[in-house]
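Comments concern the structure below.
Numbering (full-length UniProt numbering), first residue to last: 1 to 349.
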């Protein structure tokens with residue numbers, strides 16, 4: 001369908017920025033196929049975001065023509081899902097690069113403000129037990145309430161002398177800690193950690209670790225790979241399994257942990273601004289971390305609206321810095337080692 005975009009561009013050429021009619025682009029004027037191809041989400045989902053974020057995006061402005069919440073959301077979705085530079089996506093909607101930048105910033109902050117509403121562990125015992133039952137049904141691993149891992153998202157160099165964001169591959173990145181459930185819904189997201197920190201250090205310093213060390217979510221644990229240390233609340237695989245029970249434990253662990261690997265691929269496939277294929281996020285670490293968190297909020301909202309996390313076309317595995325093994329240090333936590341041995345004896349012998 002034509003052509004609200006063309007009209008906007010003509011207005012810009014004929015009258016300049018001050019006379020551009022930004023409200024001419026209406027969702028009802030374009031097809032569902034167009035919305036999905038340009039913005040990655042269906043019409044009703046976009047209408048929901050307008051209702052959810054509208055008040056935050058309609059704050060008073062000194063400009064004679066404030067950009068509508070609908071247009072701001074379309075601009076931000078286009079950027080998140082395409083990974084295109086702001087100039088290109090702004091041209092598609094008919095707004096300047098400066099306006100595009102404001103739209104992305106406004107929508108990002110509005111989503112970040114609502115992060116705790118959509119990213120959280122269940123609060124009641126029944127929901128926690130449901131998590132355990134679902135994970136147990138997947139591969140026979142008992143007591144699991146979530147799967148944890150880290151993912152690097154490339155960002156521009158903050159400055160020439162700050163090496164804290166340089167990861168082991170020599171790239172600037174944020175190392176983001178996430179926990180998901182069996183559906184791929186994110187229950188914890190921490191996006192502020194610099195790329196030089198290894199996964200185990202991120203977890204050790206995280207609020208997630210503090211919560212579990214303080215005794216939250218007792219009688220349950222997370223699953224993590226060998227980039228983390230074994231803990232009483234974090235089960236990792238054995239580095240060199242020897243007995244049949246150890247092999248079965250490792251196989252069940254791998255099958256369960258693959259849920260978050262699949263979630264990462266889907267997240268970066270849906271939000272191409274995160275996958276690095278169009279270059280690093282061209283923002284400060286703080287703004288980049290907010291963009292990542294905003295995409296995670298949208299990810300969870302889409303699940304709540306029936307958009308299956310596994311339905312998006314997937315790219316290949318994300319290219320990550322090589323993992324290191326920490327098996328030789330696990331014996332420092334004797335209680336955790338005892339719990340894992342008991343788990344293998346009870347459920348995998």
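All residues carry an ideal CB built from backbone N, CA and C; glycine is no exception.
All values reported here derive from a predicted model rather than from experimental measurement.
For residue 179, the secondary structure class from DSSP, reduced to helix, strand or coil, is strand.
Using a 10 angstroms sphere on the CB of residue 240, the tally of other CB atoms stays under 16, which defines it as exposed. Residue 225 carries a coil assignment under DSSP once its states are collapsed to helix, strand and coil. Here DSSP, grouped into helix, strand and coil, assigns residue 146 to strand.
Taking C-beta atoms under 8 Å as the contact rule, residue 335 and residue 232 qualify, at a distance of about 6 Å. By DSSP's assignment, residue 151 forms a beta bridge with 176.
Each residue's CA atom was taken as its position, placing residue 54 and residue 124 some 31 Å apart. Annotation: residue 142 to residue 254 spans about 14 Å, alpha carbon to alpha carbon. DSSP places residue 191 inside the beta strand (DSSP E), whose first and last residues are 186 to 194. Cβ neighbours of residue 289 within its own chain (closer than 7 Å, five residues either side excluded): 174, 191, 192. Beta-bridge pairing by DSSP links residue 166 to 172. In the DSSP assignment, residue 231 forms a beta bridge with 234. Going by C-alpha positions, residue 48 is about 47 Å away from residue 247. In this structure, DSSP gives residue 35 a helical state, which the three-state scheme calls helix. It is roughly 35 Å from the alpha-carbon of residue 245 to the alpha-carbon of residue 119. Distance from the CA of residue 103 to the CA of residue 72, rounded to the nearest whole angstrom, comes to 5 Å.
Taking the CA atoms as reference points, residue 183 sits about 30 Å from residue 172.
The secondary-structure analysis by DSSP pairs residue 281 across a beta bridge with 155.
Exclusion of the five residues before and after residue 122 leaves 128 as the residues of its chain whose Cβ lies within less than 6 Å of its Cβ.
Here DSSP, grouped into helix, strand and coil, assigns residue 30 to coil. In the displayed model, residue 198 falls within coil according to three-state DSSP, outside both helix and strand. The beta carbon of residue 194 lies closer than 6 Å to those of 164, 165 in the same chain, with the five residues before and after it left out. Taking the CA atoms as reference points, residue 185 sits about 6 Å from residue 300. DSSP places residue 100 within a helical segment (H, G or I) once states are collapsed to three.
Note on residue 305: under 16 other CB atoms within 10 angstroms of its CB, so exposed under the neighbour-count rule. Taking C-beta atoms under 8 Å as the contact rule, residue 202 and residue 177 qualify, at a distance of about 5 Å.
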